[in-house]
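Protein chains in written order, with my numbering: chain U, 9 to 432; chain H, 9 to 432. We put the beta carbon where it would ideally sit given N, CA and C, even for glycine.
2 protein chains.
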Amino acid sequence: MIDRWIIKSLMDTDFYKYPMGQFVWKYYPTVRVTSVLRIRTKNVHLGRILDLGELREQLEHARTLRHTNSELHYLRGTNEYRLRMFCEPYLEFLRHLALPEFHLERNGDDIDLRFEGLWCEQMYWETIALAIVNELYSNKLMEPLTAFEREVVYATGRLRLAEKIKTLRQHPTIKFSDFGSRRRFSAKWQEYVDEVLRDELPDQFLGTSNTHFANRTGVVPMGTSAHELQMVVAGLHEDDGTDDWLAVSQREVIDRWWEEYNYGLSIFLPDTFGTDFFLRNLTRHDLEQWKGFRHDSGDLFTFGEKNILARYQKEGIDHEKKLLIPSDGLTLGVMIRADDFFGNRIKVSDGWGTNLTNDLFDGSWRGDLFYGPLSLVIKPILADGHHLVKLSDNLAKATGDPATIERYKRAAGYTNTDRVECVY
Amino acid sequence: MIDRWIIKSLMDTDFYKYPMGQFVWKYYPTVRVTSVLRIRTKNVHLGRILDLGELREQLEHARTLRHTNSELHYLRGTNEYRLRMFCEPYLEFLRHLALPEFHLERNGDDIDLRFEGLWCEQMYWETIALAIVNELYSNKLMEPLTAFEREVVYATGRLRLAEKIKTLRQHPTIKFSDFGSRRRFSAKWQEYVDEVLRDELPDQFLGTSNTHFANRTGVVPMGTSAHELQMVVAGLHEDDGTDDWLAVSQREVIDRWWEEYNYGLSIFLPDTFGTDFFLRNLTRHDLEQWKGFRHDSGDLFTFGEKNILARYQKEGIDHEKKLLIPSDGLTLGVMIRADDFFGNRIKVSDGWGTNLTNDLFDGSWRGDLFYGPLSLVIKPILADGHHLVKLSDNLAKATGDPATIERYKRAAGYTNTDRVECVY
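What follows is the structure, encoded as structure tokens:
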């Protein structure tokens, strides 16, 4: 049975939206941002597949939601990163928050979905809109199937989950969280996966990035921060008129984030403008204070060895106490390799996304339909009139218009040329 | 369909258990208390009606429950009375809390159910054990009925609820909360009632005393305090060897409660040893600081007029800003009378219990079975070897052995002789 509304709670979003949300609400309350939906999966044309009326209704329904009193209790009571990490005025802001208007239209075979408004409001659209588009796409994949074929899809999902659990039990040192809200097969399926993992792998499954399901299943809400922070703040500094505007913007994010959340949420996300640039601007003091790094693009093993471990060693910092969070299109194979490769040299906690919450199909095609998870993102493209850019350590993940990308490459001294197509 | 387990969450209890629980955990951590189940409904013999094996299983199942991480988020995030009203060490205590052992045996036609242990642990049994006994009794009432007759029971409950809502809409100044966890027809029915009231009477339904359903429905968790606090603390002072030990114990509870919760939870419960005694020992300063009174026995209107309003007037305190919480077996008729009677002279917020959450039957008898709500209580009888007493303003609600009751009457200068049988 398919529920009428895909999003039933505003907390059905990634937890990182809240620490980022408070950060933006506090430091950048008047900044206006535009974000757009992009599909990275080749040959899938959502304008030919999705019913735009239905998509519009689902998005409009999400706009009617508000944070309930109990949800605010939950957020106020969050203690996993820092006691009282959310201040009362921000919780009061959340109480009244409604998702702002969106712009949706057909654009040839594709769809144009964008969110323009105050950053501190429109930023909550990201994971919610992605989950809606993904679930409508899943529904379209199920539509042509017979009742029995649909049962087989779910049975496949269950067997693959069972296989994952079996393998993970053979690697008890692997610790991981569900990072798959945005590209999940469906809300129900993600909740099911979280419940099963909580019951079956209590010592390895650390939590879920989905705040609503963390609340419902009792596991820890997991979150760090996202590229959008650094992208927007960089845009705001672009016409500082200095040579080091990009480094200054990076410093601003790092310092304010530490001030706001201290050790609890101190995970660097270094690849926004290339990891080399980020690390060049990091001090020994930063490295010593912060808990660790999230890896989101480029080769995980090169990154871990050459960039992270080597740097900690060079600075004389004990990396065995630091944390690495791989989160770039993880599969169990990579997680096992990482477990072996890093051993006790650094703590590893995997952020497992799409392959965990959307692994029910076989990757085949039926006409326009690709039977597999889509690689969808919603990224900010404009902030107060400035074009925004993410470079990342994999040029296939770069976003932004070509001229601005070039400008940022120069500012960052970016030399990487790797380009690996994104499966997830 | 009847769920296998009646209690599914330790938060399926009255909210007041938590502020009281923290109070007891902090100030009386080593005190041992015994509480017993008492039935005040005439001619109902639970030993002949309930299956003791099933009762034991339900109680044992409740002992397996723990506060989940999300429930602790909820409690930590409670802000309706005072921000951060629960301290971290108490929340940590709750995380590990399991309901302690219970003693259950048949005693002729009746049952003997008692809870002996550390007060700070055994006190959580009260509402949970009451809800279990009540729901098992409800199940016994449903057992001899045909499928259709059962449907009629629920239909009757719905129609009575609809009638209440209709009447309440005609009296929009009546504000009330659900105080009916302990004597509800069933857990499911209470949740249904709370959901309906939230949706149908958002401006009049202020919240529910049930913490779990407050969380699930998003309404405010409502709570004050209970007689057990004053009863146990009085017992601990009984052999102070002074003339004023009872007044001293009352002072101790009042002062520590204020220190702990300040204005937010400052509701006097004056009838434990008779309202006259309580009021004699209350200062003008107390009356000025505290928010108001809960009424739980004796005539509401005499209490309100002669004891409360007159006293506020005598002290020159503006009673229009004070709060009166009637909670003694309320029915809609009394609530309407109180609304008219008190008008704007004092704010009134009704704590509506049994008649709200267990109003599906007609009060008839079939053999041993009384088709109506039972008047059940669980009261402390011993604290560190001291016999405990509640006198209340209605001698039918008094508890304790006769000799101790007489001792307390002397200590309190108790002269009341009213005795009105408890329907609820």
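Given that residue i touches chain U, what residues does it touch there, using C-beta distances under 7 Å?
i, result
"LEU399/H", "Simply none; closest approach about 37 Å."
CA-CA distance, residue i and residue j?
i, j, result
"ARG446/H", "VAL52/H", "The question about residue 446/H has no answer here: the residues shown for chain H are numbered 9 through 432."
"PHE213/H", "ASN223/H", "15 Å"
"GLY61/H", "ILE15/H", "16 Å"
"GLY282/H", "LEU308/H", "14 Å"
"HIS75/U", "LEU63/H", "39 Å"
"HIS111/H", "SER383/H", "21 Å"
"GLU68/U", "VAL141/U", "13 Å"
"ASP370/U", "ALA346/U", "25 Å"
"LEU153/U", "THR164/U", "14 Å"
"ILE413/U", "ALA419/U", "10 Å"
"VAL160/U", "GLU88/H", "49 Å"
"TYR379/U", "TRP13/H", "41 Å"
"ARG192/U", "LEU205/U", "15 Å"
"TYR269/U", "LEU91/U", "10 Å"
"GLU143/H", "ALA70/H", "14 Å"
"VAL385/U", "ILE333/U", "20 Å"
"PRO27/U", "SER194/U", "25 Å"
"TRP266/H", "ARG288/H", "19 Å"
"ASN391/U", "SER400/U", "In the sequence under discussion, the amino acid at residue 391/U is Ala, which differs from the Asn named in the question. Taking the straight line joining both Cα atoms gives about 19 Å."
"LEU273/H", "VAL228/H", "14 Å"
"LYS471/H", "TYR320/H", "Look at the range of chain H in this structure, 9 to 432, and you will see that residue 471/H is not part of it."
"GLU208/U", "ILE182/U", "14 Å"
"TYR422/U", "LEU121/U", "30 Å"
"SER305/H", "GLU296/H", "23 Å"
"SER78/H", "ALA242/H", "36 Å"
"LYS34/H", "PHE101/H", "11 Å"
"ASP294/U", "SER185/H", "52 Å"
"LEU107/H", "THR225/U", "22 Å"
"ASP426/H", "THR310/H", "13 Å"
"ARG353/U", "HIS327/U", "7 Å"
What does residue i reach in chain U if we use C-beta pairs closer than 9 Å?
i, result
"ARG86/H", "It is worth fixing the name first, because residue 86/H is Thr in this sequence and not Arg. Per Cβ cutoff of 9 Å: HIS81, ARG84 and GLY85."
Just tell me which of the options has its CA closest to the CA of residue i.
i, options, result
"ARG103/U", "GLU109/U, ARG90/U, VAL397/U and LEU83/U", "LEU83/U"
"ARG168/U", "ASN366/U, ILE389/U and THR412/U", "ASN366/U"
"LYS25/H", "HIS220/H, ILE316/H, THR423/H and ASN115/H", "HIS220/H"
"LEU80/H", "PRO97/H, LEU287/H, LEU45/H and ILE136/H", "PRO97/H"
"THR339/H", "SER400/H, ASP358/H, GLU323/H and LEU384/H", "ASP358/H"
"ASP22/U", "ILE136/U, LEU73/U and GLY226/U", "ILE136/U"
"CYS430/H", "SER17/H, ARG46/H and ARG12/H", "ARG46/H"
"ASN315/U", "PHE286/U, ARG90/U, ARG48/U and GLU143/U", "PHE286/U"
"SER189/U", "THR181/U, GLY380/U, GLN198/U and ILE182/U", "GLN198/U"
"GLN238/H", "ASN424/H, SER78/H, ASP247/H and VAL397/H", "VAL397/H"
"GLY341/H", "GLY324/H, LEU73/H, THR175/H and LYS355/H", "THR175/H"
"LEU331/H", "LEU368/H, GLY312/H and LYS322/H", "GLY312/H"
"LEU277/U", "ARG48/U, SER185/U, THR232/U and LEU149/U", "THR232/U"
"PHE350/H", "GLY249/H, PHE301/H, LEU317/H and ILE325/H", "LEU317/H"
Check whether the Cβ of residue i lies closer than 8 Å to any Cβ atom in chain C.
i, result
"TYR271/U", "Absence of chain C from the displayed structure is noted, the protein chains being U and H."
Mind reading off the beta-carbon distance from residue i to residue j? Whole number of angstroms is fine, and I expect it under 8 Å.
i, j, result
"SER257/H", "HIS303/H", "Between HIS303/H and SER257/H the Cβ distance is about 21 Å, and since that is not below 8 Å, they are no contact."
"GLY55/H", "ASN115/H", "6 Å"
"TYR132/H", "LEU58/H", "Not quite, the Cβ-Cβ distance comes to about 22 Å (not below 8 Å), so this is no contact."
"CYS95/U", "VAL32/U", "Incorrect: roughly 14 Å between the Cβ atoms, too far for contact."
"HIS235/H", "ILE344/H", "Their Cβ separation, rounded to whole angstroms, is 27 Å, which puts HIS235/H and ILE344/H out of contact at 8 Å."
"PRO388/H", "VAL240/H", "6 Å"
"PHE156/H", "GLY361/H", "That belief does not hold up - the Cβ atoms of PHE156/H and GLY361/H are roughly 30 Å apart, past 8 Å."
"PHE123/U", "SER43/U", "5 Å"
"GLU260/H", "ARG292/H", "GLU260/H to ARG292/H, Cβ: 19 Å. No contact."
The ligand MN and residue i: does any heavy atom of the ligand fall closer than 7 Å to the residue's C-beta?
i, result
"PHE213/H", "With respect to the ligand MN, the structure offers nothing, as it holds no ligand at all."
Of all the residues that make up the region 226-247 of chain H, which are near chain U by a beta-carbon distance shorter than 8 Å? Within the region 226-247 of chain H, contact with chain U at the beta-carbon level (separation under 8 Å) is assigned to GLY226, VAL227 and VAL228.
Taking any Cβ of chain U, which residues in the region 67-84 of chain H have a Cβ under 8 Å from it, in chain order? THR76, ASN77, SER78, GLU79, LEU80, HIS81, TYR82, LEU83 and ARG84
Given a limit of 9 Å on CB to CB distance, which residues of the region 408-421 of chain H reach chain U? none
Against chain H: residues of the region 208-224 of chain U by CB proximity under 8 Å: ALA222, ASN223 and ARG224
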